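Number of protein chains: 2
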Amino acid sequence: MGLTEERLIKNLQTMGKRVLENINQGENPELEILTRALNNVYYDNSTGLIKLGDKSQKRYYFNVNQAKKFMQTLLIADRIKWLMEQGKPALSIRQLFYTLKHNIPGSKENTFDNQDESDPIIEDIEVMIDALREQLKLIATPKGVLSGPIMVKDKTGDLLDYTKMGSAGGAVPPIVEDDFFHIKECSADFILVVEKFAVWNLLNQQKYWKDANCLLLTGKGQPARAERRLVNRLSTELKLPVYVFADMDPWGYYIYSVYKQGSINLAFFSEKSGAPQAKYIGFMTKDVKTFDIPKSSHIKLENVDLKRIEELKNYDWFKTKEWQDELKSLKDFGNKIEQDSLVAKSIEFTAKEYLPYKIENKEFLN
Amino acid sequence: MGLTEERLIKNLQTMGKRVLENINQGENPELEILTRALNNVYYDNSTGLIKLGDKSQKRYYFNVNQAKKFMQTLLIADRIKWLMEQGKPALSIRQLFYTLKHNIPGSKENTFDNQDESDPIIEDIEVMIDALREQLKLIATPKGVLSGPIMVKDKTGDLLDYTKMGSAGGAVPPIVEDDFFHIKECSADFILVVEKFAVWNLLNQQKYWKDANCLLLTGKGQPARAERRLVNRLSTELKLPVYVFADMDPWGYYIYSVYKQGSINLAFFSEKSGAPQAKYIGFMTKDVKTFDIPKSSHIKLENVDLKRIEELKNYDWFKTKEWQDELKSLKDFGNKIEQDSLVAKSIEFTAKEYLPYKIENKEFLN
């Protein structure tokens with residue numbers, strides 16, 4: 002589950018102590034930071050995750066181009082440490098920016114002018130002390146909802162039972178780390194991750210999670226950090242199989258890969274939040290024939306879709322034979338199928354026929 | 002609370018019967034539909050709501066330009082009636098489209114080609130039978146979360162206690178009509194609607210809803226239909242005062258007005274979902290001085306903000322003296338203040354000082 006709060010505070014302290022040592026020894030104070038640029042991001046075949054490489058760079062105090070950034074890095078690290086020590090509520094990264102933005106006495110300079118300056122430094126610090134920002138009590142807005150047989154003890158002390166969350170399902174909280182979202186019990190056999198809310202909602206109304214004994218989650222399209230991290234925890238800690246159900250188009254396939262391998266832009270987050278065991282349950286080209294999907298549900302692929310298919314083909318994590326075949330097959334078919342469209346077969350089709358068939362016959366892409 | 006399901010089915014039936022009468026009497030079958038164009042939308046000063054006027058137009062079967070649309074209108078009305086009679090789960094408007102899109106036998110035509118065709122007709126039917134789409138079991142994706150002393154009996158049978166929803170708060174469900182979301186008990190003194198999730202989250206972590214004995218809701222920026230309708234129900238049925246807390250900029254002011262008076266684009270929805278008693282609690286220009294907001298939290302108004310201020314000035318529902326003064330005062334001040342920025346005063350400032358002061362001194366804009 003990663004580092005304790007105490008350990009994280011210690012790591013931040015160590016960071017400061019090293020700078021102090023530099024000063025005491027009359028050296029130019031420096032910080033070493035793993036490079037987060039694309040040239041230091043790679044797909045690690047052995048773990049099945051998008052990861053950050055080991056290239057690093059140094060940030061110096063006595064360097065005209067780096068002095069301000071150096072000062073900002075220490076300011077942010079210090080503030081994060083203070084917030085944690087004081088047991089303050091978690092903040093958004095914009096709120097953190099506002100707590101730090103102020104005039105530097107005796108100058109016309111501000112500590113920060115724009116959030117563009119503080120956000121990348123927060124990521125630097127995450128990497129430096131090997132902790133996600135959520136572990137440092139910094140949040141992003143979550144989007145998803147969850148239902149199914151899991152009991153969670155929330156940081157507030159509330160006991161959350163996701164079989165009793167009504168029509169809405171349970172909202173995914175901004176922080177799903179163990180100290181905020183402690184999993185007490187889970188009897189589910191797997192987790193079904195659904196791309197779209199409308200499809201999640203249809204399944205939830207039919208209590209699909211009960212029939213299938215699963216957890217039912219949606220990130221409402223492209224998931225936020227909290228849903229990705231939650232799927233990671235359910236997959237790694239509870240060893241639950243993860244099935245991702247999305248549109249049969251390059252955008253749906255990509256959402257699956259974000260849950261599974263992560264994303265290039267958030268490589269450091271990805272290596273801690275991917276679910277490399279996740280499988281793609283559909284919709285897939287093979288299903289069109291198996292389930293006799295009516296022509297009226299076919300939507301012609303546009304140029305932008307075709308271009309995206311080519312891009313996917315070239316991602317290392319889509320280079321398995323199954324996926325290369327699927328991408329070719331989608332292109333040849335020339336049409337996409339949205340998961341919403343399965344209601345054209347019948348309102349119950351997704352819950353009663355499609356998903357049970359796919360799971361029983363283990364028809365997944367990997 | 003509007004019409005019962007039985008009544009709505011009857012209304013749909015009546016609609017069909019009238020067409021049948023036309024046919025039996027050898028007349029050109031017709032449907033009369035209130036015009037939803039901007040020229041039939043107005044602000045009703047007496048109720049404080051944006052409303053649809055009484056201009057209407059007829060849609061005929063024997064009219065080359067209208068025949069397809071006439072057929073589509075009956076198809077949709079018939080399908081909605083069938084879904085309700087069968088007790089089927091609620092669908093999204095895209096799913097409804099897919100259940101109806103098919104080839105017309107013996108022709109090369111489809112019933113519908115694009116959702117652009119079905120969506121406006123759903124709105125026509127809402128207006129024709131005087132029911133929101135949610136009452137017809139058609140959903141839009143909700144966004145918001147809620148916490149505070151309210152107990153709800155959900156359609157699923159689950160009893161939802163919004164004081165026990167943990168860090169996430171309770172997700173707002175897609176349908177908040179009484180048969181889905183039955184309010185059993187509510188001891189709150191008012192409802193605080195917060196523009197941004199990050200600020201809601203800060204207040205929720207501090208259990209502001211407990212200290213202030215209120216409901217705490219966010220629609221995460223521009224609210225979806227469900228949050229607007231929920232605020233309407235809490236305001237009209239429970240007579241709870243509604244305070245909207247947003248950014249001090251024309252975009253924040255406008256979000257307040259969407260909760261209160263509604264929006265031009267959804268005039269029919271607005272007259273059923275506004276909360277004309279809602280008050281604007283802040284952030285407002287007067288507060289800058291009262292609370293000595295540091296210069297570093299001021300963000301210069303851009304041209305796009307200034308242009309939007311002028312637009313707001315011209316909306317009928319911003320024509321009160323208070324709002325005209327506030328808009329002028331914002332322009333003169335030349336800066337906006339985000340609600341997030343109040344953490345610069347202190348992490349506890351919003352919950353412990355700002356909101357209590359504003360409420361105690363009834364410093365609202367109306």
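So the sequences go chain by chain: A and B.
The numbering used here applies: residue 2 is where the first sequence begins, and numbers increase by one.
The numbering used here applies: residue 2 is where the second sequence begins, and numbers increase by one.
A virtual CB, placed ideally from N, CA and C, is assigned to each residue, including glycine.
In this text, all values refer to a predicted model and were calculated from it rather than measured experimentally.
- Contact note: His103(B) reaches chain A through Pro295, Ser297 and Ala345, using a C-beta cutoff of 8 Å and chain order.
- With fewer than 16 other Cβ atoms from the protein chains shown falling within 10 Å of its own Cβ, Gln325(A) counts as exposed.
- Counting C-beta pairs with one atom in each stretch, the region 336-344 of chain B and the region 94-112 of chain A have three or more that are closer than 8 Å, which means they touch.
- For the pair Ile105(B) and Phe284(B), the Cα-to-Cα distance works out to about 56 Å.
- Among the CB atoms of chain B, none fall inside 7 Å of the CB of Ile130(A).
- By the CB criterion at 7 Å, Tyr163(B) and Gly145(B) fall outside the cutoff.
- Chain B has a Cβ within less than 7 Å of the Cβ of Arg95(A).
- Excluding five sequence positions before and after Ala132(A), the CB atoms of its chain that fall closer than 8 Å to its own CB belong to Gly3, Leu4, Leu9 and Asn12, given in chain order.
- Proximity of chain B to Asn214(A) at the Cβ level (cut-off 7 Å) is not reached, the minimal Cβ distance being about 17 Å.
- At a cut-off of 7 Å between beta carbons, Lys59(B) makes no contact with chain A.
- The distance from the Cβ of Lys89(B) to that of Ile348(A) is about 5 Å, consistent with a contact at the 8 Å cut-off.
- Nearest to Gly17(B) by alpha-carbon distance, out of Ile77(B), Tyr358(B), Leu50(B) and Leu53(B), is Ile77(B).
- Here DSSP, grouped into helix, strand and coil, assigns Thr237(B) to helix.
- Residues of the region 168-180 of chain A that bring their beta carbon within less than 8 Å of a beta carbon in chain B comprise Ser168, Ala169, Gly170, Gly171, Ala172, Val173, Pro174, Pro175 and Ile176, in sequence order.
- Nearest CB-CB separation between Val146(B) and chain A: below the 7 Å threshold.
- Along the region 19-55 of chain B, the beta strand (DSSP E) occurs as fully enclosed runs of 3 or more residues at 31-35, 42-45 and 50-53, listed in sequence order.
- Judged by DSSP in its simplified three-state form, Asn111(A) adopts strand.
- Between Ile130(B) and Ser274(B), the alpha-carbon positions lie close to 17 Å from each other.
- Residue pairing of Tyr244(A) in beta bridges, as defined by DSSP: Leu193(A) and Lys280(A).
- At a cut-off of 7 Å between beta carbons, Gln206(B) contacts chain A.
- From the listed residues Ala352(B), Lys52(B), Leu302(B) and Ala169(B), the smallest Cα separation to Asn41(B) is found for Lys52(B).
- Under the Cβ distance rule, Ser342(A) counts among the residues neighbouring chain B, one pair being separated by less than 7 Å.
- Nearest Cα to Gly54(B) within the set Glu28(B), Asp248(B), Glu272(B) and Leu307(B): Glu272(B).
- Nearest to Ile282(A) by alpha-carbon distance, out of Val305(A), Pro174(A), Gly253(A) and Pro143(A), is Gly253(A).
- One finds Lys89 and Pro90 in chain B with Cβ atoms closer than 7 Å to the Cβ of Ile348(A), taken in chain order.
- Within 7 Å of the CB of Tyr99(A), the CB atoms of chain B belong to Ser298, Asp341, Ser342, Val344 and Ala345, in sequence order along the chain.
- Contact annotation: the region 107-126 of chain A does not touch the region 150-170 of chain A, with fewer than three C-beta pairs closer than 8 Å.
- Between the beta-carbon of Ile192(B) and that of Val243(B) there is about 5 Å, and that keeps the pair under the 8 Å contact cut.
- At the C-beta level, Gly171(B) and Asp155(A) stay beyond 7 Å of one another.
- Residues Glu135 and Gln136 of the same chain have their beta carbon placed closer than 7 Å to that of Glu178(B), with the five preceding and five following residues left out of the count.
- In chain order, Ser297 make up the part of chain B whose C-beta sits under 7 Å from the C-beta of Asn111(A).
- Chain order gives the chain B residues near Phe198(A) as Thr142, where near means a beta carbon separation below 7 Å.
- With a cutoff of 7 Å on beta-carbon distance, Val305(B) and Ala276(B) are scored as not near each other.
- Within the same chain, and ignoring the five residues on either side of Gly335(A) in sequence, the residues whose Cβ sits closer than 7 Å to its Cβ are Lys301 and Leu302.
- At a cut-off of 4 residues, the continuous stretches assigned as alpha helix (DSSP H) that sit fully inside the region 287-345 of chain B are 304-315 and 322-334.
- The criterion of a C-beta distance shorter than 7 Å is satisfied by Pro251(B) and Arg309(B).
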